[in-house]
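Trainee: Residue numbers (full-length UniProt numbering): 1 to 289.
Virtual Cβ for every residue (Gly too), placed ideally from N, Cα, C.
Remember, it's a predicted structure, so these values are computed and weren't measured experimentally.
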């Protein structure tokens, strides 16, 4: 576990919480009170809920100008895997590049699914139990077609998928081939999204995700929701905690069964560290080698 933990206070305003999450490149940040007691987790998924709530609050319709094509990372910039790629090599590559996952694409350019930290953990668990010496990426690829979107997919559909599933990335498909990818972070960091929402309905000035400026009386609801509420209002529900003595395999299984990328390590009610998926995968790779 890491003992150097960046946390938020329960009273941290939502904009500051989002700002720290994005600028610090964190997927989740623990909320800890002044006594050091763990109070919950503020995550990218919480931010998606906030953005989705704002979109509903100010009545943004499906015909909003935002499209997946506006925010996706195009294919030529993506790190992709082929289905025959060795799992250990693929996991090592993800860890080295600090990616949480990659689309799996066949020789015709068709997206077969996503190989992610979570599916990596599926391999780790099976390898430990069954002593599997090696395997191919295709055996541990999440091929759920419900995560596939196209160039014209709108903001609300994307937010709905991210909100209702544990997916952190959505492949963008055009003519049955992969055209790009949209991640939760891409959506949250694309500052024009919030400005489009506010400007199209409320004639607002440009709004940046990190430092929003909501000033006119026309959108007092959005003002109250976004600026005045603390992060504790949107704390991640069903947040898991683990103890310092939990085994590597147990932690891997818990990660596999949950949408979380980081677990707070709590002792006597107080936060003493964090373990993330990468920590588990690095340890597993060392054991396999």
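Looking only at its chain, what residues have a beta carbon closer than 6 Å to the beta carbon of residue 262, apart from the 5 residues adjacent to it on each side?
Mentor: Counting only Cβ-Cβ distances below 6 Å, and skipping sequence neighbours, we find 28, 274, 276.
Trainee: Relative to the C-alpha of residue 78, which residue among 15, 14, 182 is closest?
Mentor: Ranking 15, 14, 182 by Cα distance to residue 78 puts 182 first.
Trainee: What's the C-alpha gap between residue 178 and residue 96?
Mentor: If you take the alpha carbons of residue 178 and residue 96, they lie about 24 Å apart.
Trainee: Starting from the N-terminal side, write out each stretch of the alpha helix (DSSP H) that is 4 residues or longer and does not extend beyond the segment 94 to 182.
Mentor: Whole alpha helix (DSSP H) segments, 4+ residues: 117 to 130, 155 to 164.
Trainee: Please tell me whether residue 71 and residue 190 are closer than 8 Å, where the distance is taken between their beta carbons.
Mentor: Yes, the pair counts as a contact, with Cβ atoms nearer than the cut-off.
Trainee: Just reading off the alpha helix (DSSP H) that residue 294 is part of, what are its end residues?
Mentor: In the structure as shown, the chain starts at 1 and stops at 289, and residue 294 therefore has no counterpart that could be examined.
Trainee: Among 246, 14, 184, which residue has its Cα nearest to the Cα of residue 68?
Mentor: Taking only the C-alpha atoms, the option nearest residue 68 is 184.
Trainee: Taking the C-alpha atoms as reference points, what is the distance between residue 311 and residue 120?
Mentor: Residue 311 is absent from the structure shown; the chain starts at 1 and stops at 289.
Trainee: For residue 38, does the three-state DSSP call read helix, strand or coil?
Mentor: Three-state result, residue 38: strand.
Trainee: Let me confirm a value: residue 123 is counted as buried when at least 16 other C-beta atoms fall within 10 Å, else exposed. Which label applies?
Mentor: By the 10 Å Cβ count, residue 123 comes out buried.
Trainee: Could you check where the beta strand (DSSP E) with residue 67 kicks off and where it finishes?
Mentor: Note, residue 67: premise wrong, no beta strand (DSSP E); not H, not E.
Trainee: Check the C-beta distance from residue 42 over to residue 17 and give it rounded, since I have them as a contact under 8 Å.
Mentor: At roughly 5 Å, the Cβ-Cβ gap stays under 8 Å, so residue 42 and residue 17 are in contact.
Trainee: Quick check on DSSP: helix, strand or coil for residue 263?
Mentor: Residue 263 falls in the strand class under three-state DSSP.
Trainee: Nearest to residue 267 by alpha carbon, out of 242, 281, 186?
Mentor: Comparing Cα-Cα distances from residue 267 to each of 242, 281, 186, the minimum goes to 242.
Trainee: CB-CB under 8 Å to residue 173, same chain, minus the five flanking residues each way: which ones, in chain order?
Mentor: So the qualifying residues of the chain are 111, 148, 149, 150, 179.
Trainee: When the Cα of residue 169 is compared with those of 239, 45, 285, which residue comes out closest?
Mentor: For the residues 239, 45, 285, the minimum Cα distance to residue 169 belongs to 45.
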